[in-house]
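Below: one structure, written as structure tokens.
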Amino acid sequence: MTIERGYRTELTVGEVTVGRRDVEMLEAIDAHGSMHAAADALGRSYARLQRRIVELEDELGPLTERHRGGADGGGTTITETAQDLRRRFERHQTALEGVASVTESVLSGTVVDREGELATVETDIGLVVAVAPQEAEMVQVSVRSDAVVLSDPGERSQPGQTSFRNRFEGTVERVEQGTSVAQVRVGVDGTQGRMGADGAALKGPRTDEAALEALVTRASVDSLGLEPGRPIVASFKATAARAIPLEGVDGSPADSH
1 MTIERGYRTE
11 LTVGEVTVGR
21 RDVEMLEAID
31 AHGSMHAAAD
41 ALGRSYARLQ
51 RRIVELEDEL
61 GPLTERHRGG
71 ADGGGTTITE
81 TAQDLRRRFE
91 RHQTALEGVA
101 SVTESVLSGT
111 VVDREGELAT
121 VETDIGLVVA
131 VAPQEAEMVQ
141 VSVRSDAVVL
151 SDPGERSQPG
161 QTSFRNRFEG
171 TVERVEQGTS
181 VAQVRVGVDG
191 TQGRMGADGA
201 ALKGPRTDEA
211 ALEALVTRAS
221 VDSLGLEPGR
231 PIVASFKATA
241 ARAIPLEGVD
251 GSPADSH
């Protein structure tokens, strides 16, 4: 199961909130050199577009500059203030995209071993070492996608990766690219680290839950050649995996009603 967050990029200036539609309006005026042409291109009425410009200019100062006559027949351009507003909005959107793209892989399982605050949990992707409450047996482990590191199966551990207690070989199932980051789903066969009573590795069909989500930069997508079917290693620290109990306070399964 994957949990996603939703955000909307906005800037607040005085009593006015600047959104994506406002930035698109300024971009259209800049591209077409005319408020009438911009309104047509955006499918908006000229009167509404002009009214919105006035609302924004009351707080921000001049955003457009009209030119009459001349060899080019006049028109409208946007000011440096408008250009700065566009740049600020795009920077905010890029930063927010990284936050908005963070998801969580949620894995249910059973605690099979403990080492202080850390518990080894048998899940659909295999054995996961996570921070877990004492006494909990049935737990749900959450791993943020920005805590998962992807690497080539043939590469040696990079500096800083030796502390990764959780390492799973898998296959890229999906790559969703944004402006600056990409969400990658890695399917794991679910047998890694899982042992039966006879000491043999457990085998079984892979479930839809046997997957991890990773958030990486677009540069990493290119350097690792991430695409569906690509073998990959997904790793994360034990402290990045947090478990919550699924039992009631008396140790019995929690009531689901």
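Following the UniProt record's numbering, the numbering of the sequence shown begins with 1 at its first residue and continues without gaps.
Beta carbons: idealized from backbone N, C-alpha and C, even for Gly.
From a predicted model like this one, the values you see are computed outputs, not experimental measurements.
For residue i, which residues of its own chain have a beta-carbon under 8 Å away from its beta-carbon, when the five flanking residues on both sides are left out?
i	result
GLU149	Contrary to the premise, residue 149 reads as Val rather than Glu in this sequence. Cβ within range, chain order: GLN161, PHE164, ALA214, ALA234, SER235 and PHE236.
ARG230	THR171, VAL172 and LEU224
LEU63	LEU26, ILE53, LEU56, GLU57, ILE78, THR79, THR81, ALA82 and LEU85
GLU15	GLU59
Tell me whether residue i is buried or exposed, calling it buried when 16 or more other Cβ atoms sit within 10 Å of its Cβ.
i	result
VAL13	exposed
SER145	buried
ILE244	exposed
VAL23	buried
GLN183	buried
ASP124	buried
THR179	exposed
GLY109	buried
ALA219	exposed
ALA28	buried
Leaving out five residues before and five after residue i in sequence, what residues of the same chain have Cβ atoms less than 6 Å from its Cβ?
i	result
GLY204	Legend: pLDDT at GLY204 = 41, less than 50; position of this residue unreliable, value from coordinates given subsequently. Within the same chain, GLY204 has no close Cβ partners at all.
LEU212	SER105, VAL148, VAL186 and ALA234
THR120	VAL112, ASP113, LEU127 and VAL129
ARG174	ARG185
Do residue j and residue i come within 9 Å of each other at the CB atom, strictly closer than that value?
i	j	result
GLY75	GLY33	yes
LEU107	SER142	yes
ARG66	MET25	no
THR81	LEU60	yes
VAL102	ALA241	no
ALA39	ARG48	yes
GLU169	VAL181	no
LEU246	GLN140	yes
In three-state DSSP terms, what is residue i?
i	result
VAL121	strand
THR17	strand
ARG174	strand
THR81	helix
Which residues does DSSP pair with residue i in a beta bridge?
i	result
PRO245	VAL139
HIS67	GLY75
ALA211	GLY187
PRO231	THR171
ASP113	THR120
ALA130	ALA119
Under 7 Å Cβ to Cβ from residue i, same chain only, skipping five residues before and after it: list those, please.
i	result
ARG167	VAL233 and SER235
For residue i, is the beta carbon positioned less than 8 Å from some heavy atom of the ligand GTP?
i	result
SER180	Because no ligand of any kind appears in the structure shown, any question about the ligand GTP cannot be addressed here.
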